[in-house]
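Protein chains in written order, with the numbering used here: chain V, 12 to 236; chain E, 2 to 526; chain A, 14 to 130.
Just so it is clear, CB atoms sit at the ideal spot from N, CA and C, and this is done for glycine as well.
As the structure is a prediction and not an experimental result, all values here were calculated from the model.
Right, one structure below, let's go through it.
In structure tokens, the structure reads:
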């Protein structure tokens, strides 16, 4: 019984480290995995892990929002973006992968690592360098945290779960102006994306410009969906 | 809640939404009405800002950090909005920038078949975001303002849909902008973690100024501030965060380029002043150096000094090699960001005041230069420097206006640019940073090289080859002859050019009162 | 935290059940592959071409509009919870917020990006 007690008490810490591992590993996989669709799914996993961290920290509303927006909507948008773009070269480039694994096995071969002329790309070196910079910075922040710690800040969530009502109160009193500005941000994003993505008279010409057999199948598939 | 304190913002937001809806229900040939509606909205917001300045801002003088009088100001709407001289002054600047860019854009949008309603609506939203950035001391509202401006700007850069370079500009601007936003957000999170408040004034009492990186004091907030320097470095296009700027500036529609070179940049400077100004000033007056090396504010001061030197030097040297006028002006605007950073490195109220004045002067002269580029582009001249050959004979007025703006950008009296540089120079010398002032002068001398290159083309070279020879390759591809003939030009660009040139002189002649106003504004940060 | 421990239990059992079922099925089922069985199921059609192809950009805009309104819905939750406390001002504030987004919807509608064909 006491073991179970200790286990339950250790669960948050255990959970935090598990989630951190999930987030870090899937984040790393997003950058390293060969197929872009797989990268998108690893990103979903990372998003889910972040939602778990939010819940562990007592920010349950944020956790739910993270699932609804990032896992639900943003991930779907990523998959749609992959669908509407021509990614054959990026996702299945056997030559690129072969060259990458022979030239630089350690870096795990990010997408097309070979240039058309066959010379090895400097991408492996760059990813090692940027990895070192990221690790250095993380170490720096951790050292700073360990040395100074965070100031004791009154967190509204301490008053108990769920946090939805306190967030609602804050949103419509202190943070009312930012809240209304958020709608302008969303409007600007909507208008901006539509004006960039949609051509005058719809995207028909574009869809038909692909190679005949695949575009026929694409139309069929798309309309059936 | 006293919503009249954000009346200018409300007007601009309303105008943006109104323009968007108006465009949907207008016949295509009547769409330039959206431009006039935008002008009306911006003018109304300017009136509202002036009303705010007269009726609401607390001008009672308080003692500033160094004992000199500053305008008091106050915060409202849940502590989100700072109603003070600084915000009113910068809001007026942003509205004026928006006004001039709309004037520049009306004909251009019609000739180059831009989606007119979206163009003006997004521009108004971007101006709104800039106003919020300058008018807030709260990181949350600052970030939302930043995103409003940034998201609108990404779309604005890509409005020339048939032009691959415009798409490239939008993508590059978006990717670097998203990275910058991430850095800023991370920095803000660390600042919040370190100080326990989203209000930037909390930085003053949190051991940030005396702490050391990775040491005593408040290293978390300090790390956050360093990240904010990097993030805003992108927004300011400071070297080494500048690489996106030339491509984005070259590919974007020219009125949008004009806007980018002054608008979001000035807004980013306003935020940097709000966040870092008080911290740096406090650190500066406390002596800067702590017992075991540089204290927090000292580290930041050195960071800004290095950024300033590198930015102006790289900007000016690279500008020398440019053949395209938009790219040249892009590097020139990078160099000017370097001059502006001197004010932060100096870290005295006088240095900040000099930055505020320089922002006004820089907006006027740079918009003037772009107005000439657009005026010529609307008449079929390309954007290569070689296209400007013989301009002094073909279009003497435009060439003269360009000359005036360039002289001001170089810093020749009696133009505004001279006073701006002089003010920064004086602030640097006063703060025992004469070496920085010397670097500034050397850089101004370098900048003569590329400005003179254009002037020599305009006045000393023979006539340019016919415009057709420069077809298609560059973004500023000359407008096809039939497009030029069907669209009747309006004097709007000329009006904008006139306003800018008058401002270049007026800001110079009004240096005394404006400098005093800037001093009041910067003291109350 | 108590409630979320239950959630964790449900999650573990749910995920475990799926993999357990698949594993047990793999143990029990006979394994006789042939080409017809291994081909991609396309409602009886014989598949041809590549599965990775370019869809119309229109779908992307649907996804985008969906994201915008998903974010909007998230804001509705905390608002609804404290709606009675906020009273009329709260209603007005939310109507302004929604109104601005409806402008976006009207824009998308008039630009015909919501049309299926």
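Cβ neighbours of residue i in the same chain (closer than 8 Å, five flanking residues each side left out)
i	result
residue 9 of chain E	46, 47, 49, 50, 53, 92, 96, 132
residue 23 of chain V	67
residue 419 of chain E	409, 412, 413, 509
Whole-Å CB distance - residue i paired with residue j, under 8 Å assumed
i	j	result
residue 452 of chain E	residue 411 of chain E	6 Å
residue 74 of chain A	residue 115 of chain A	About 17 Å separates the two Cβ atoms, so there is no contact after all.
residue 142 of chain E	residue 14 of chain E	That belief does not hold up - the Cβ atoms of residue 142 of chain E and residue 14 of chain E are roughly 14 Å apart, past 8 Å.
residue 137 of chain E	residue 82 of chain E	6 Å
residue 125 of chain E	residue 42 of chain E	7 Å
residue 83 of chain A	residue 83 of chain V	6 Å
residue 386 of chain E	residue 456 of chain E	With a Cβ gap of about 10 Å, residue 386 of chain E and residue 456 of chain E do not count as contacting.
residue 369 of chain E	residue 257 of chain E	About 17 Å separates the two Cβ atoms, so there is no contact after all.
residue 224 of chain E	residue 191 of chain E	5 Å
residue 250 of chain E	residue 331 of chain E	4 Å
Buried versus exposed, by CB contacts within 10 Å (16 or more), residue i
i	result
residue 442 of chain E	exposed
residue 50 of chain A	exposed
residue 248 of chain E	buried
residue 24 of chain E	buried
residue 66 of chain A	buried
residue 32 of chain E	buried
residue 471 of chain E	Since pLDDT at residue 471 of chain E reaches only 43, below the 50 mark, its modelled position is unreliable, and the value read off the structure follows with that caveat. The residue in question, residue 471 of chain E, is buried, as its Cβ has 16 or more Cβ neighbours within 10 Å.
residue 403 of chain E	buried
residue 327 of chain E	buried
residue 334 of chain E	buried
residue 120 of chain A	buried
residue 140 of chain V	exposed
residue 266 of chain E	buried
residue 56 of chain A	exposed
residue 45 of chain V	buried
residue 245 of chain E	buried
Inter-residue Cα distance where the pair is residue i and residue j
i	j	result
residue 72 of chain V	residue 202 of chain V	29 Å
residue 195 of chain E	residue 157 of chain V	13 Å
residue 59 of chain V	residue 179 of chain E	22 Å
residue 150 of chain V	residue 35 of chain V	15 Å
residue 69 of chain V	residue 111 of chain A	29 Å
residue 159 of chain V	residue 221 of chain E	8 Å
residue 301 of chain E	residue 16 of chain V	49 Å
residue 6 of chain E	residue 188 of chain V	12 Å
residue 46 of chain A	residue 19 of chain A	41 Å
residue 151 of chain E	residue 53 of chain A	44 Å
residue 54 of chain V	residue 78 of chain V	12 Å
residue 185 of chain E	residue 197 of chain V	19 Å
residue 62 of chain V	residue 193 of chain V	22 Å
residue 436 of chain E	residue 226 of chain E	26 Å
residue 248 of chain V	residue 92 of chain A	Only positions 12 to 236 of chain V appear in the structure, and residue 248 of chain V is not among them; the question remains open.
residue 121 of chain E	residue 206 of chain E	42 Å
residue 40 of chain A	residue 129 of chain A	46 Å
residue 499 of chain E	residue 193 of chain E	46 Å
residue 153 of chain E	residue 23 of chain A	44 Å
residue 401 of chain E	residue 415 of chain E	16 Å
Sequence-distant residues of its chain with Cβ nearer than 6 Å to residue i (five each side left out)
i	result
residue 169 of chain E	252
residue 88 of chain A	none
residue 293 of chain E	Here the model assigns residue 293 of chain E a pLDDT of 40, short of 50, so the residue's position is not dependable, and the following value carries that caveat. Within the same chain, residue 293 of chain E has no close Cβ partners at all.
residue 262 of chain E	334, 367
residue 497 of chain E	101, 104, 105, 372
residue 234 of chain E	242
residue 308 of chain E	239, 342
Proximity winner among the options, relative to residue i (alpha-carbon distances)
i	options	result
residue 422 of chain E	E:462, E:227, E:361, E:398	E:361
residue 444 of chain E	E:316, E:387, E:520, E:425	E:316
residue 516 of chain E	E:354, E:386, E:416, E:382	E:354
residue 431 of chain E	E:505, E:351, E:415	E:351
residue 29 of chain E	E:117, E:16, E:108	E:117
residue 306 of chain E	E:239, E:323, E:324	E:239
The ligand FAD heavy atom lying under 8 Å from the CB of residue i
i	result
residue 167 of chain E	Summarising the ligand content, the structure contains no ligands, and the ligand FAD is consequently not present.
Cβ-based neighbour list, residue i, same chain, cut-off 7 Å, excluding 5 preceding and 5 following
i	result
residue 74 of chain E	58, 59, 83, 84, 85, 86, 525
residue 399 of chain E	373, 376, 377, 392
residue 275 of chain E	138, 201, 526
residue 512 of chain E	420
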